[in-house]
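Numbering of the sequence shown is given in the UniProt record's numbering, commencing with residue 1 and proceeding in unit increments.
Beta carbons are placed, not taken as given, at the ideal position from N, Cα and C, and that holds for glycine.
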Amino acid sequence: ALNRTEEVALVLYSVACRKQPSERIVYLKKCLNSCSAVSSLVAFSKSVNEYIDLLERQIIIEDADEALIKEEGSKIFQQYPKTVTLIGRPVLTTLYYSCLYHFDLPVNAYASPLSIKEFFNITEKQYAWTTISALTRLKRWNDIEKVLMSKKLLGGVKIHCPFGWRHLFTIISSNEQPPKEILCKFLRAIPDLNERQRLANQFPEVSEVTIECLVAQKDRIALSAFLAKLTPHTVEAHKALNALNNAVYKSMEKLVIPLDSDGQIR
1 ALNRTEEVAL VLYSVACRKQ PSERIVYLKK CLNSCSAVSS LVAFSKSVNE
51 YIDLLERQII IEDADEALIK EEGSKIFQQY PKTVTLIGRP VLTTLYYSCL
101 YHFDLPVNAY ASPLSIKEFF NITEKQYAWT TISALTRLKR WNDIEKVLMS
151 KKLLGGVKIH CPFGWRHLFT IISSNEQPPK EILCKFLRAI PDLNERQRLA
201 NQFPEVSEVT IECLVAQKDR IALSAFLAKL TPHTVEAHKA LNALNNAVYK
251 SMEKLVIPLD SDGQIR
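Structure follows, in structure tokens:
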């Protein structure tokens, strides 16, 4: 059963959550004072303290942004109008908001995505997912690539997705299709050939990646079937045909392909 101190803390928290933001912080601090010395409420105290920090930051960001909107001093708010208050939103929603409206701010700014990530201990997976979602809406494809960049053990960088690749392609194609070069670059970063091919098949405009996968898998039969689906005389069709006519590739499996006078499959 809850003791008296625990009951008081929970009642104060319940009352605080029904107050307006500025008053809410006052009541949350009262709640924090009532339970900070109680060992059974350590986790609860930590959560309350984090909520206070989040609200205080949200109020600062909200006030600054509302002033910008009134002055019409920011194109981003004109292009993507702000429809609801930031105050009282969860931390990941706050991160999304900061990525959408303040992605380029330095880490020492309250509204900086990196500042929010560091202060609230947001994981790399949560940060990448939320940031990429916001940047997709802004069509900032090069910045998405930077978010996915990871350092190699022996130096250099590579594109690495901290969550499932299929989720990445779902996110970046949620509004409209990304540029072809971005799709190809991200697909080629997938280490597993089967997964790469499976995802490439979802985007007909990147058939060159599918061809590369089939060549790497030395699957002449599948490549021949795929060539038959391509528009004749295109760059992709020539790429597939050249692979099939490659002497080394031919040696992997002898297959006679009937071609017409234009070099296309009959």
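Quickly, what does DSSP pair residue i with across the bridge? List them, please.
| i | result |
| --- | --- |
| Val157 | Lys151 |
So, are the CB atoms of residue i and residue j less than 8 Å apart?
| i | j | result |
| --- | --- | --- |
| Ser39 | Ser45 | no |
| Leu86 | Gln126 | no |
| Ser207 | Glu236 | yes |
| Trp178 | Ile171 | Before going on, a small fix: residue 178 reads as Pro here, not Trp. Going by C-beta atoms, Pro178 is not nearer than 8 Å to Ile171. |
| Leu95 | Lys117 | yes |
| Cys184 | Val209 | yes |
| Leu100 | Val107 | no |
| Leu223 | Leu199 | no |
| Ser133 | Ser112 | no |
| Lys82 | Asp63 | no |
| Gln217 | Leu241 | no |
Who are the near neighbours of residue i in its chain, counting only those whose CB is closer than 6 Å to its CB and skipping five residues on each side?
| i | result |
| --- | --- |
| Asp143 | Leu135 |
| Val8 | Ser34 |
| Gly88 | none |
| Arg196 | Leu187, Ile190 and Cys213 |
| Glu205 | Lys180 |
Within its chain, find whatever has a CB closer than 8 Å to the CB of residue i; leave out the 5 residues flanking it on each side and keep chain order.
| i | result |
| --- | --- |
| Lys254 | With a pLDDT of 43 at Lys254, under the threshold of 50, the modelled position of that residue is not reliable, and no figure is offered here. |
| Ala128 | Val147, Leu148, Cys161, Pro162 and Phe163 |
| Glu6 | Cys35, Val38, Ser40 and Leu41 |
| Ser14 | none |
| Gln202 | Phe169 |
| Lys239 | Glu208 and Ile211 |
| Ile159 | Glu145, Leu148, Met149, Ser150, Lys185, Phe186 and Ala189 |
| Glu56 | Ile25 |
| Phe77 | Asp65, Leu68, Ile69 and Tyr101 |
| Ala109 | His102 and Ser115 |
| Arg4 | none |
| Val48 | Tyr13, Leu28, Cys31, Leu32 and Cys35 |
| Arg137 | Tyr80, Leu100 and Asn175 |
| Ser261 | Unreliable positioning characterises Ser261 in this predicted model, as indicated by a pLDDT of 47, which lies under 50. A coordinate reading is not provided. |
Starting from the C-beta of residue i, find all residues in its chain whose C-beta is less than 7 Å away, skip the five residues before and the five after it, and write them out in chain order.
| i | result |
| --- | --- |
| Val157 | Met149, Ser150 and Lys151 |
| Ala225 | none |
| Tyr27 | Leu12, Val15, Ala16 and Lys19 |
| Trp141 | Pro178, Pro179 and Ile182 |
| Asn246 | none |
| Ser74 | Leu68 |
| residue 268 | Given that the chain is displayed from residue 1 to residue 266, the structure contains no residue 268 and the question cannot be resolved. |
Rounded to whole angstroms, how far is the Cβ of residue i from the Cβ of residue j, which I believe are closer than 8 Å?
| i | j | result |
| --- | --- | --- |
| Ile61 | Ile25 | Not quite, the Cβ-Cβ distance comes to about 15 Å (not below 8 Å), so this is no contact. |
| Cys31 | Leu12 | 4 Å |
| residue 275 | Glu50 | The shown model of the chain, from 1 to 266, leaves out residue 275, and the question about it has no answer. |
| Thr130 | Leu105 | Not a contact, Cβ separation roughly 16 Å. |
>> Ignoring anything shorter than 4 residues, give me the alpha helix (DSSP H) runs that lie fully in the stretch 49 to 125, in order along the chain.
In response: 75 to 79, 91 to 102 and 113 to 119
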